[in-house]
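Here the structure comes first, spelled out in structure tokens, and everything after it is commentary.
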Amino acid sequence: MTDFRNFIDGQWVATGNTFDNRDPVDNRLIGRVHEAGDAEVDAAVRAANAALRGPWAKLKTQQRVELLHAVADGITRRFDDFVDAEIADTGKPYDLASHLDIPRGAANFKIFADLVRNIPNETFDLETPDGGHALNYGVRVPRGVIGVICPWNLPLLLMTWKVGPALACGNTVVVKPSEDTPGTATLLGEVMNEVGVPPGVYNVIHGRGPGSAGEKLTRHPLVDGITFTGETRTGEAIMQAAAVGVRPVSFELGGKNAGIVFADADFDKAVAGIARAAFDNTGQVCLGTERVYVQRPIFERFVAAMGERARGFRLGRPRDPGVNLGPLISQRHRDKVLSYYTRAREDGATVVAGGGVPDMPDELAAGAWVQPTVWTGLPETSAVIQQEIFGPCCHIAPFDTEEEAVALANATPYGLAATVWTSNVGTAHRMGQALEVGICWINSWFLRDLRTAFGGAKQSGIGREGGVHSLEFYTELRNVCVKL
Ligand code: NAD
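Sequential numbering of the sequence shown, starting at 1, is according to full-length UniProt numbering.
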């Protein structure tokens, strides 16, 4: 059994207060998580604050870049440990963890380290009333101590997506991983020590949100900015905490993303793409698709093909051959997803596939399993269509015209992502510009270029991260004006 301790100022800190960490595959107890209290949160933030002026601050950009490359290499060197930790916490298939979560986790350090080496600064020459000149130039300085609050669905990937640019820009961080996935954030502390990142630069505190480590971190006055990925309602609570002291926030929040398939799309590719968007990572991807709109001429055929996909998954242990779908993250989350399965039936859905709990072998029966599910026939007003479920499910409805598809897709308070399938280049561009989202994929899904802006429109987020956009949050742009 693993003890997940806090990582503060380069040291491992246990507390008297622990909670269980369970494997969602079979509900087996796999570890004890040491919850950080007031003292540990305060110690972590103070360590991060002190490190801002210590050896970390004295490193030249090139030295910091090399250190972050060493962190990435450290993750790769311990690839199997990271995969094991991610799998134990989430139950996701080995193939997914080893092809997506861990390599992308390492890449996030390299990409942002390389980025800060090449940032241009703006300059303006000002003609002054006395006939002389003044030269203005911008300098980017670190924002300070960044509070990093993370969800459980892609734990290492989403955490390093924030920690990578934060450290590359010269900040220090206090990370609060999800209470359900303490593993990889803790392991990263070992790598930080192994490669010589100075103590206090990367800190991890464990615990839950309200009344616990998450909230305490957001309320700490020495935290200079908060970057958060998680539910929109949690974002509201964090924003209120950040208002005290006028601290900036960067938010990547929930979604209820639409998939739109036109009759002229490559049918097989569209089915494969929408199936990935609905079911990958057991539907626990913020960018996933729970609302699918299909043009009427191909509607019936598309529904049948999606039903077949949903029934074709092999559920089981992450390393068992052929397994391509894991459980949900926890029993608590399963209760939530199953409540929507019930609601769909109550609201009159036709259940095309799934709709309940799969029959699992005895040793897995206590796991957080649900069936991949496809519905049709729900009114757009149903909670199943309006609210984020975050499970392996989607509702498919027909549409006739492009205008109708746009109106349906935009009729939600969320605006994270969309995926559109068509062979008409005009339709593709018009849709890309009409959909109220932060990212619109055409004939693809989850094709991420880390240099591009990433974030949500409407209630799906505040701000953009990715490439140079990450600098907007992780640095202050100072203007220096020199009278010549
Ligand atoms: P969550 O909001 O429940 O929790 C996220 C983190 O916030 C956890 O670490 C939690 O402990 C902490 N937290 C909760 N309440 C808090 C509070 N009051 N103060 C401070 N911290 C608090 O989200 P989750 O269930 O872990 O993740 C799923 C959600 O994340 C979904 O809504 C999904 O769409 C969203 N998500 C969004 C993106 C994106 O890029 N937009 C990416 C992944 C997940």
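In this text, a Cβ means the ideal position worked out from N, Cα and C, and glycines have one as well.
Classification of residue i by the beta-carbon crowding that lies within 10 angstroms, buried from 16 upward
i	result
LEU447	exposed
GLY355	buried
PHE313	buried
MET306	buried
ILE119	exposed
ASN171	buried
ALA134	exposed
SER382	buried
ASN257	buried
GLN459	buried
THR452	exposed
MET159	buried
GLU179	buried
LEU29	exposed
HIS395	buried
MET431	buried
GLU215	buried
residue 493	The question about residue 493 has no answer here: the residues shown for the chain are numbered 1 through 484.
LEU156	buried
Identity of the residues DSSP links to residue i by a beta bridge
i	result
ASN257	THR289
ARG28	In DSSP, ARG28 forms no bridge with anything.
ILE439	ALA417
LYS92	Answer is none; LYS92 lacks a bridge partner.
CYS481	ASN136
ASP3	ARG32
HIS206	GLU35
GLU465	PHE454
ASP20	ARG32
TRP12	PHE7
VAL351	TRP375
LEU167	BP columns for LEU167 are empty, so no partner.
GLY225	ILE146
THR475	PRO142
Minimum C-alpha distance to residue i - residue among the options
i	options	result
ASN17	PRO93, GLY377, ALA88 and HIS206	HIS206
LEU167	TRP56, THR123, LEU287 and VAL33	TRP56
VAL204	GLY211, LEU187 and GLU215	LEU187
ASP20	LEU68, ASP89 and HIS69	ASP89
LEU378	ALA265, GLU290, THR15 and ASP81	GLU290
LYS162	ARG104, THR128, VAL141 and ASP130	ARG104
TYR293	LEU315, ASN281, ALA265 and THR234	ALA265
PHE112	LEU154, VAL65, ASP73 and ARG78	VAL65
ALA457	THR172, GLN433, PRO182 and CYS393	GLN433
VAL374	GLY230, LEU315, PRO392 and ASN257	PRO392
ILE462	PHE251, THR229, LEU450 and ALA243	PHE251
ALA368	ASP23, PHE7, GLY214 and ASP3	ASP23
residue 528	GLY10, ASN27 and ALA72	With the chain represented from 1 up to 484, any question about residue 528 goes unanswered, as that position is not in the structure.
GLU308	SER330, ARG317, PRO321 and PHE279	PHE279
ALA418	ALA213, VAL406 and GLY183	VAL406
GLU35	ARG5, LEU52 and LEU96	ARG5
GLY225	VAL249, GLY245 and LYS216	VAL249
ILE385	THR422, THR401 and ARG345	ARG345
ILE146	ASP81, ILE329, VAL174 and VAL139	VAL174
ALA411	GLU436, PHE390, ALA397 and HIS429	GLU436
SER423	THR282, ILE442, ILE389 and PHE302	ILE442
GLY183	GLU86, ALA213 and ALA270	GLU86
LEU482	THR2, GLU127, LEU67 and VAL370	The sequence shown places Val at residue 482, rather than the Leu named in the question. Among THR2, GLU127, LEU67 and VAL370, the Cα nearest to that of VAL482 belongs to GLU127.
LEU253	LEU416, LEU408 and ASN479	LEU416
Coil, strand or helix - residue i by DSSP
i	result
LEU378	coil
ASP125	strand
HIS220	coil
LEU67	helix
ALA113	helix
ASN410	helix
ILE119	coil
THR172	strand
SER250	strand
GLY144	coil
PRO398	strand
LEU328	coil
GLN386	helix
LEU447	coil
LEU315	strand
CB contact check: residue i to chain B, cutoff 7 Å
i	result
ASP95	Protein chain content of the structure displayed is limited to a single chain, and chain B is not contained in it.
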